[in-house]
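*Asks:* Anchor point for the sequence shown: position 96 equals 96 in the UniProt record's numbering, and the numbering is continuous, going up by one each time.
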Amino acid sequence: MTEMSRDEFVQALAQALAANEAEQRVPKSAHDVAMDAYDAMQFDFPMMSATDLRVLAERMHGRDRSQFPVTRPLFLNALELAAKADAAISAAAACVLVQCFCIPFQDPSGLDAFRFESLASEDAKLLYMCYHTTYSPLSALTHDDWNYYQVTDACCSIAASLLHRPRTSDESLLLQMEWLRYLYILRDRMLQHPQTCPAILQRLATLFSTPEHVAKMEEVSSLSFLRLLLELTSSKDISASVVASSAILSILKPLVPMIERHITFDGAAMDDRADSIIVISQLLLWSVQKQPTTWVPLLFDAGILRACLRVVATDPEGKAMKAALRVLVLCGLVNASFGSYVHAVPSMVKWSADDRFQTLYPAEHVLWTLSQLLSGSTNDAMRFFELLPGLFPSMCDSFLDAQCALHDAVFALETLATLVQSHTQPRYASWHAKDNLAPVLARLIPEINLRFAYPVRHDKVEDGPEGDSAGGSSNARVQLMNRLRQAIKRAMTGNAIRASAKLD
1 MTEMSRDEFV QALAQALAAN EAEQRVPKSA HDVAMDAYDA MQFDFPMMSA TDLRVLAERM
61 HGRDRSQFPV TRPLFLNALE LAAKADAAIS AAAACVLVQC FCIPFQDPSG LDAFRFESLA
121 SEDAKLLYMC YHTTYSPLSA LTHDDWNYYQ VTDACCSIAA SLLHRPRTSD ESLLLQMEWL
181 RYLYILRDRM LQHPQTCPAI LQRLATLFST PEHVAKMEEV SSLSFLRLLL ELTSSKDISA
241 SVVASSAILS ILKPLVPMIE RHITFDGAAM DDRADSIIVI SQLLLWSVQK QPTTWVPLLF
301 DAGILRACLR VVATDPEGKA MKAALRVLVL CGLVNASFGS YVHAVPSMVK WSADDRFQTL
361 YPAEHVLWTL SQLLSGSTND AMRFFELLPG LFPSMCDSFL DAQCALHDAV FALETLATLV
421 QSHTQPRYAS WHAKDNLAPV LARLIPEINL RFAYPVRHDK VEDGPEGDSA GGSSNARVQL
481 MNRLRQAIKR AMTGNAIRAS AKLD
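1. Give, in chain order, every unbroken run of the alpha helix (DSSP H) that is at least 4 residues long and sits entirely within the region 18–49.
2. Closest to Ile251 by C-alpha separation, out of Gln282, Asn335, Thr210, would be which residue?
3. Let me check understanding here. Comparing Cα to Cα, which of Glu80, Met47, Ser49, Gln99 lies closest to Val66?
4. Between the C-alpha atoms of Thr294 and Leu249, what's the straight-line distance to the nearest angstrom?
5. Could you give the uninterrupted runs of the alpha helix (DSSP H) lying entirely in the region 351–406, keeping only those of 4 residues or more?
6. Taking C-alpha atoms, which residue in Lys253, Gln11, Met395, Ala124 lies nearest to Ile448?
7. Smallest Cα separation from Met190: which of Thr168, Leu141, Asp170?
8. Does Ala453 come out as helix, strand or coil in the three-state DSSP assignment?
9. Check for me: the alpha helix (DSSP H) holding Pro446 runs from which residue to which?
10. Can you give me the C-alpha to C-alpha distance between Leu305 and Val327, rounded to a whole angstrom?
11. Would Ile103 and Val70 be called neighbours here (beta carbons separated by less than 9 Å)?
12. Residues in the same chain with beta-carbon distance under 7 Å from Tyr128, minus the five sequence neighbours each way, listed in chain order, please.
13. Quick one: is Glu178 buried, meaning 16 or more other Cβ sit within 10 Å of its Cβ, or exposed?
14. Taking only runs of the beta strand (DSSP E) that begin and end inside the region 224–259, which ones reach a length of at least 3 residues, in chain order?
15. Taking the straight line between their C-alpha atoms, what separation do you get for Ala491 and Arg181?
16. Here's the rule I'm using: 16 or more other beta-carbon atoms within 10 Å means buried, otherwise exposed. How should Arg443 be labelled?
17. Cutting at 6 Å between CB atoms, please list the residues of its own chain near Cys156, excluding the five before and the five after it.
18. Of all the options Pro46, Ser5, Met41, Gly62, which has the alpha carbon lying nearest to the alpha carbon of Ala30?
19. Nearest CA to the CA of Ala154: which residue from Leu111, Phe101, Gln192?
20. By Cβ distance below 8 Å, which residues in the same chain neighbour Glu122 in space, the five residues on each side in sequence not counted?
21. Alpha carbons only, please: which of Ala363, Phe384, Ala417 is nearest the one belonging to Pro407?
22. Quick check on Tyr131: buried or exposed, where buried means 16 or more other Cβ atoms within 10 Å of its Cβ?
23. I need the straight-line Cα distance from Ala344 to Ser136, nearest angstrom please.
24. What residue range is occupied by the uninterrupted alpha helix (DSSP H) comprising Val296?
25. Quick one, which of Ser49, Ile277, Val10, Phe399 has its alpha-carbon nearest Met258's?
26. When you compare each of Val55, Arg187, Asp44, Ala113 to Leu79 by their alpha carbons, which one comes out closest?
27. So, are the CB atoms of Asp64 and Ala87 less than 9 Å apart?
28. Roughly how many whole angstroms lie between the Cα atoms of Leu330 and Ser246?
29. Between Asn379 and Leu162, what straight-line distance do the alpha-carbon atoms span, to the nearest angstrom?
30. Taking the straight line between their C-alpha atoms, what separation do you get for Tyr428 and Leu484?
31. With DSSP as the reference, label Lys319 as helix, strand or coil.
32. By DSSP, does Pro104 sit in helix, in strand, or in coil?
33. Could you round the C-beta distance between Leu228 and Leu283 to whole angstroms and report it? I think they count as a contact, below 8 Å.
34. The alpha helix (DSSP H) with Asp112 in it runs from where to where?
35. Do you know how far the Cα of Ser241 is from the Cα of Ser90?
36. Assuming the contact rule is C-beta atoms closer than 8 Å, Leu226 and Ile263 should be a hit. Round their C-beta distance to whole Å, please.
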């Protein structure tokens, strides 16, 4: 072979560079871009652009998904990239991560490509993925991406499949227990973006109105789902939204028969069902506050209020007593028919005369006294106004006692304010003694910051862990005090009496 002359070498090099440049000018197809991105994601620390990641997510979501099986490196790299500070990269990686979370459940045939242990079973691989599935890396998803990739439907579908998954091994048993994880993803999405509540909750309502799902959920872990709903109602933004609240109520209604079975537990010891009663009572309390005219008759007809009455009759000092008592008190306040009924129940008549009622449950006792007045079972109106200041103690035995007393006062005053301002409560509007409320509350206002005091250790270290804890507790106390002031203001202005400027 003869050697090239210098001119020939330069000419050959120029031709090669020109050919390479021409090749680079030809744009890659979406499939090729996705394949290159997929290959790069099989190695540590992939250098990826947001555009390439989005193309990969699109191809994995489409008909070509079989060409992009989920591997362990792909899965872990998508998790890492979704946590990046770069918003564009994070959002694009979250789109890929959605495919990694969902495809293995939608098409298990591709699990052969997911290797992390020798001879790992399909259930073991899915369980590994479940344990790495959280909402945090998905929080970067835009609303358009969330809807385009149908994340809500995918989470509901996976939850349902896990709920009904056969228990054939230890891994499958653990896997079935993960069904709620995918509902928690939806919960966290709603907490981050309350405007998504109606669409997501409507999908959940459809899922859990299916008889076979309800039956299985009751068998496996019905209380967990109710806890999820309770967490939503605890969100100020969600609870303040009429649309979101209506969506929560709509998903609760078909669950009422299951709730009744869960709260009664015929033959079960009271301690065994205390947690169920507490969770259910808190949910029902919120429901009655939102729609009293609908929910009080519904709960009475379902036998749930009678179950609460049995709690009072059988375990007046138990863990569940306060929660059940609050439901009964509120229902008696907002519904005239139930108020007349509950004040005539022998066990409640007996309990009303028990000194433990006022001692152990002062807030509920004050509201119960008002309910008695509105239902006509007693006529001593001044008794209510004498009891009301007792909810604002000057000194408590401890910080915990002070917080409990403050929580009780907030509950009582917020309930009272809602009753005063409601246009659907003619009993209170026509009550002859209602004008005495504002003067009683006005006398409490100047000293409101001095109430709920508690002994403080002067040798406490403020800059240590205890100091940090105290700071968090102090913030919670400030928030409760603000809620209390607002409730007092609402109760006073509801009576058409101008609230003091000190309330603000």
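Every residue, glycine too, gets a C-beta built ideally from N, C-alpha and C. Quick caveat: nothing in here was measured; it's all calculated off a predicted structure.
*Replies:* On the basis of the data shown:
1. Every unbroken stretch of the alpha helix (DSSP H) spanning 4 or more residues and falling wholly within the region 18–49 is given here in chain order: 30–40.
2. Selected option, being the one with the closest Cα: Thr210.
3. The sequence shown places Ser at residue 66, not Val. When only C-alpha atoms are compared, the closest one is Gln99.
4. 10 Å
5. Contiguous alpha helix (DSSP H) elements confined to the region 351–406 occur at 355–360, 362–375, 381–387, taking only those with 4 or more residues.
6. Closest option to Ile448, Cα to Cα, is Met395.
7. Leu141
8. strand
9. Per DSSP, Pro446 belongs to no alpha helix (DSSP H) and is neither H nor E.
10. 8 Å
11. Closer than 9 Å, so yes.
12. Phe116
13. Looking at its Cβ environment, which holds 16 or more other Cβ atoms inside 10 Å, Glu178 is buried.
14. none
15. 41 Å
16. exposed
17. Arg203, Leu207
18. Gly62
19. Phe101
20. Pro108, Leu111
21. The amino acid occupying residue 407 in the given sequence is His; Pro does not appear at that position. It is Ala363.
22. exposed
23. 52 Å
24. 292–302
25. Ile277
26. Checking every option, the nearest Cα to that of Leu79 belongs to Asp44.
27. Not a contact, by the Cβ cut-off of 9 Å.
28. 20 Å
29. 58 Å
30. The straight-line gap from Cα to Cα measures roughly 21 Å.
31. coil
32. helix
33. Contact doesn't hold; Cβ gap of about 10 Å is too wide.
34. That residue, Asp112, is in no alpha helix (DSSP H); it is neither H nor E in DSSP.
35. 30 Å
36. Distance from Leu226 to Ile263 at the Cβ level is roughly 10 Å; contact not present, criterion being Cβ atoms closer than 8 Å.
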